[in-house]
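Enquirer:
Residue numbers (this note's numbering): 108 to 394.
Encoded structure:
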């Protein structure tokens, strides 16, 4: 292979002229002995970096401190307040790469601040906060969905076994208890459907921990199962939609599904029962 210095440039062109840099600063060497794993931004007056332990670090010369003191205190204070708020967010559940991305964004925010640009620094801090908040919401939703799906799957398996063994179970339990059993399982599946449809809208707090989110997800399914009992009995007693009894068991199972998925059906049944129980008393009250 020919030496690049000996290659003749094309006709009509001039050889490029490259002026070597008189001074190249290697900031990792300039800021020794800082334990720099990844450099984010550096000048001879400040440096922002990820340390050997992966955490964010920075160091400034006194000239930067003096310049920051000369800026509007409200602008600089807003950046510090926002960074403190964001750093209090839980990140221990994030993956290593997500934690690094978060710290890089925070580091860029501090680099803008040390460059005497608090407006863009605050903007970068807000972006870092939005990033970690979105990742935390994804994790918390996964926990809740896991708790919901496990319990709902158990009810679904129970319903499948009960249906396959219906010829033996129905005579032993009786017609109504057997339908209530299927209704309970249908209500649990309805609760799972409700959680799935609202998964992207509910605001969750991952700092509460995985255990609480699993319990909350399971509790939603159990609440749906209990609500299904109310609904099936209400239809059976003609408190609501009594005409559905003429359609047989499929209609009762359908009502159980609706009761599990809805948060308003069971309170409506309870309110109607209370009103019906109170109305005779009102009629007998002395004038």
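Glycine residues also receive a C-beta, built at the ideal position from the N, C-alpha and C atoms.
Residue 225 and residue 178 look like a contact to me (Cβ under 8 Å); what is the Cβ gap, rounded to whole Å?
Expert: 6 Å
Enquirer: Is there a C-beta anywhere in chain B that falls below 7 Å from the one on residue 336?
Expert: Among the chains of the structure shown, chain B does not appear; only one protein chain is present.
Enquirer: Quick check for students: name the residue ranges of the alpha helix (DSSP H) that lie wholly in the segment 142-217, counting only runs of 4 or more.
Expert: 169-177 and 180-194
Enquirer: Would you please state the rounded distance, in angstroms, between the beta carbons of residue 207 and residue 158? I believe it to be under 8 Å.
Expert: With a Cβ gap of about 12 Å, residue 207 and residue 158 do not count as contacting.
Enquirer: Grab the span of the alpha helix (DSSP H) containing residue 250 for me, first residue to last.
Expert: 225-271
Enquirer: Enumerated in chain order, which unbroken segments of the alpha helix (DSSP H) with a length of 4 residues or greater are wholly contained in the segment 305-334?
Expert: none
Enquirer: Measure the C-alpha to C-alpha separation of residue 341 and residue 185 and round it to an integer number of angstroms.
Expert: Answer to the nearest angstrom: the Cα atoms are 57 Å apart.
Enquirer: Taking just the CA atoms, how far does residue 283 sit from residue 276?
Expert: 12 Å
Enquirer: With distance defined between alpha-carbon atoms, name the residue in 302, 379 and 273 nearest to residue 285.
Expert: 273
Enquirer: Taking 8 Å as the threshold, find out whether the segment 210-220 comes into contact with the segment 250-265 through three or more Cβ pairs.
Expert: no
Enquirer: Taking the C-alpha atoms as reference points, what is the distance between residue 230 and residue 239?
Expert: 15 Å
Enquirer: What is the DSSP secondary structure of residue 140, counted as helix, strand or coil?
Expert: coil
Enquirer: Less than 7 Å separating the beta-carbons of residue 261 and residue 290?
Expert: no
Enquirer: Tell me the DSSP secondary structure of residue 133 in three-state form.
Expert: coil
Enquirer: Using only CA atoms, which one of 166, 194, 317 and 257 lies nearest to residue 246?
Expert: 317
Enquirer: Please state whether the Cβ-Cβ distance between residue 295 and residue 330 is less than 7 Å.
Expert: no
Enquirer: Could you check whether residue 368 and residue 300 sit closer than 7 Å to each other, using their CB atoms as the reference points?
Expert: yes
Enquirer: In terms of residue numbering, what span does the alpha helix (DSSP H) encompassing residue 365 cover?
Expert: 356-368
Enquirer: Tell me whether residue 371 sits in a helix, a strand or coil according to DSSP, three-state version.
Expert: In this structure, residue 371 counts as coil in the three-state DSSP scheme.
Enquirer: Where does residue 297 sit, in a helix, a strand or coil, going by DSSP?
Expert: helix
Enquirer: On the premise that residue 364 lies in contact with residue 281, defined as a C-beta separation below 8 Å, what is that separation, rounded to the nearest angstrom?
Expert: About 22 Å; that fails the 8 Å criterion.
Enquirer: Report back the beta-carbon spacing between residue 248 and residue 311 to the nearest angstrom; my notes put them in contact at under 8 Å.
Expert: 6 Å
Enquirer: Using C-beta distances below 6 Å, list every residue in its chain close to residue 324, excluding the 5 sequence neighbours before and after it, in chain order.
Expert: Closer than 6 Å at Cβ, skipping near neighbours: 251, 254 and 255.
Enquirer: Using only the alpha-carbon positions, how far apart do residue 130 and residue 306 sit?
Expert: 56 Å
Enquirer: What does a CB cutoff of less than 7 Å around residue 137 pick up in its chain, not counting 5 residues either side in sequence?
Expert: 151
Enquirer: What would DSSP say about residue 281, mapped onto helix, strand or coil?
Expert: coil
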